[in-house]
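In the UniProt record's numbering, the protein residues as written are 1 to 116.
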C-alpha cells in the first residue's frame with residue numbers, strides 16, 4: 001500500500017495522515033508494507049514528523065517505509081531530528097518497493113544465519 005503526500009504536512013494535516021494509516025492498520029487484512037511517499041511535500045513541521053513517527057509506532061505487524069525524495073525538505077528535516085535513524089527511509093519509491101517484503105527479509109536472514 002502506498003500513501004502519497006503532497007503539499008504541507010503540519011499541525012493542520014498531521015491528523016489526517018494518522019487517521020488514514022490507522023484505518024489501514026485496523027483493516028481485516030492490514031498491508032504487509034505501508035509506503036509513505038513524502039517526496040511531494042513542500043513543508044514538513046515538527047507536528048508532521050511526529051505524525052510520521054506515530055504511524056511508524058502504531059504499525060503493528062505492518063512495516064512502514066518512507067520515501068524522502070531528492071529534495072532537501074524531508075531528508076534534511078528527518079536527518080536533523082534523527083528520525084532517519086528510526087525510520088526505514090529511501091530516496092525513491094522504486095528503492096522502497098525493491099527492498100522486498102518482511103517474509104523475504106526473514107527468509108534471507110535465516111539463510112545467512114544457517115549458512116554460518
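Ideal placement from N, C-alpha and C gives every residue a C-beta, glycine not left out.
May I ask which residues mark the beginning and end of the alpha helix (DSSP H) holding residue 57? Locating residue 57 in the chain shown gives position 57, counting from the first residue. For residue 57, the enclosing alpha helix (DSSP H) covers residues 46 to 57.
Classify residue 82 as helix, strand or coil using the three-state DSSP reduction. Taking the chain shown and counting its residues from 1, one reaches residue 82 at position 82. Residue state, collapsed to three classes: coil.
Distance between beta carbons of residue 10 and residue 43, contact taken as under 8 Å: Stepping through the chain shown from its first residue, residue 43 is reached at position 43. Stepping through the chain shown from its first residue, residue 10 is reached at position 10. Indeed, because the Cβ distance is near 6 Å, the residues count as touching under 8 Å.
Which residue from 79, 112 and 5 puts its Cα closest to that of residue 34? Numbered from 1 along the chain shown, position 34 holds the residue referred to as residue 34. Among 79, 112 and 5, the Cα nearest to that of residue 34 belongs to 5.
Element boundaries [alpha helix (DSSP H), containing residue 5]: Start at 1 with the first residue of the chain shown, and residue 5 comes out as number 5. Unbroken run through residue 5 is the beta strand (DSSP E), 2 to 9; no alpha helix (DSSP H).
How is residue 34 classed by DSSP in three states: helix, strand or coil? Looking up residue 34 in the chain shown gives position 34. Residue 34 carries a strand assignment under DSSP once its states are collapsed to helix, strand and coil.
To the nearest angstrom, report how far apart residue 39 and residue 65 are at their CA atoms. Sequence index remark: in the chain shown, residue 39 carries index 39 (1-based). Sequence index remark: in the chain shown, residue 65 carries index 65 (1-based). If you draw a straight line from the Cα of residue 39 to the Cα of residue 65, it is about 13 Å long.
According to the Cβ coordinates, are residue 3 and residue 36 closer than 7 Å? Start at 1 with the first residue of the chain shown, and residue 3 comes out as number 3. Start at 1 with the first residue of the chain shown, and residue 36 comes out as number 36. The answer is yes: Cβ separation under 7 Å.
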